[in-house]
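Here the structure is laid out as structure tokens; the discussion comes afterwards.
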Amino acid sequence: MDSFLDDFDQIAREAHDRYRAYNPADLLELDVRAQAACTYAHMVAAADRRFDGKPRVRPLEIRGLKVWLLDEPNVVIRLKKMDENGASRRYPTKQAKAFDAGKELPNLPMPPVRLTIGYHLDRTGTQFVRSQVARPEGRSIAWCAAIVAQEDREVGKPIWIDVTKQPRFAA
Numbered sequence: 077m078d079s080f081l082d083d084f085d086q087i088a089r090e091a092h093d094r095y096r097a098y099n100p101a102d103l104l105e106l107d108v109r110a111q112a113a114c115t116y117a118h119m120v121a122a123a124d125r126r127f128d129g130k131p132r133v134r135p136l137e138i139r140g141l142k143v144w145l146l147d148e149p150n151v152v153i154r155l156k157k158m159d160e161n162g163a164s165r166r167y168p169t170k171q172a173k174a175f176d177a178g179k180e181l182p183n184l185p186m187p188p189v190r191l192t193i194g195y196h197l198d199r200t201g202t203q204f205v206r207s208q209v210a211r212p213e214g215r216s217i218a219w220c221a222a223i224v225a226q227e228d229r230e231v232g233k234p235i236w237i238d239v240t241k242q243p244r245f246a247a
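Letter by letter, the sequence shown follows residues 77 to 247 of the numbering used here.
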């Protein structure tokens with residue numbers, strides 16, 4: 077799986093950079109939903125370019141849900157804008173709910189691990205904070221890992237950091 081982390085990071089960064097390169101006057105007219113939709117479209121295009129021709133990766137579209145099946149680690153991924161905990165903010169479609177819950181989807185061999193790959197922005201929604209990989213379990217997130225950018229990595233250190241939100245216990 078580690079061999080794909082750089083791809084995941086670059087897909088998210090390229091998509092956000094491409095969106096931020098829009099004319100500033102156009103950026104002012106786009107609300108949060110439009111920003112996420114534009115960035116998502118750039119993420120899908122970046123993923124298609126990056127994974128095209130890789131024998132271990134198969135793109136699938138299941139009732140409008142675009143996913144990529146990574147054969148060797150037996151993982152299926154989807155792309156999303158996320159909060160700091162790895163959860164997506166938009167109203168999920170029926171297919172997205174089924175994906176998150178690990179339910180059977182047409183043309184998707186079972187049982188691959190379902191992961192969401194995405195990006196987290198700052199509070200203003202303009203600055204890229206990090207790329208993330210999350211493991212959804214229904215309405216909750218089992219774990220979330222921040223991908224350390226290549227330029228920030230140290231030799232011998234992990235290339236991802238656990239950023240899973242820890243549950244609070246009542247006193």
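All C-beta atoms in this analysis are idealised placements derived from N, C-alpha and C, irrespective of residue type, glycine included.
Problem set entry | For aspartate 85: DSSP bridge partner residues | Looking at the DSSP assignment, aspartate 85 forms no beta bridge with any residue, so it has no partner.
For this session: Can you have a look at glutamine 111 and say buried or exposed, based on whether 16 or more other CB atoms are within 10 angstroms of its CB?
Result: buried
For this session: Determine the closest residue to lysine 241 out of Gln226, Lys173, Leu81 and Asp159, with distance taken between C-alpha atoms.
Result: Asp159
For this session: Using a threshold of 8 Å, state whether the C-beta atoms of glutamine 171 and arginine 126 are closer than that.
Result: no
For this session: Compare the C-alpha of alanine 117 against each of Arg154, Arg139 and Ala174 and name the closest.
Result: Arg154
Exercise. What runs of the alpha helix (DSSP H), each 4 residues or longer, lie entirely inside the region 120-193?
Worked result: 170-177
For this session: If I'm right that glycine 38 touches alanine 88 with Cβ under 8 Å, what's the distance once you round it to whole angstroms?
Result: In the structure as shown, the chain begins at 77 and stops at 247. Residue 38 is therefore absent and cannot be evaluated.
Problem set entry | Contact under 8 Å by Cβ, isoleucine 217 with glycine 162 | yes
Exercise. Based on the DSSP output, what are the partners of alanine 218 in its beta bridges?
Worked result: In DSSP, alanine 218 forms no bridge with anything.
Exercise. Beta carbon of alanine 122, beta carbon of alanine 101: below 8 Å?
Worked result: no
Exercise. Beta strand (DSSP E) containing glutamate 227: first to last residue?
Worked result: No beta strand (DSSP E) contains glutamate 227, which DSSP labels as neither H nor E.
For this session: Would you tell me roughly how many angstroms separate the C-alpha atoms of glutamate 105 and cysteine 114, rounded to the nearest one?
Result: 13 Å
Exercise. Got a sec? Which residues, its chain only, sit under 8 Å from proline 234 by beta carbon, not counting five neighbours each side?
Worked result: Val224
Problem set entry | The beta strand (DSSP E) enclosing aspartate 238, as first and last residue numbers | 236-238
Exercise. Could you give the residue range of the alpha helix (DSSP H) that holds alanine 101?
Worked result: 100-105
Problem set entry | Between the CA atoms of proline 212 and tryptophan 219 - distance to the nearest angstrom | 8 Å
Exercise. Residue range of the beta strand (DSSP E) that arginine 211 falls in?
Worked result: 204-213
Exercise. How would you call valine 108, buried or exposed, if buried means at least 16 neighbouring beta carbons within 10 angstroms?
Worked result: exposed
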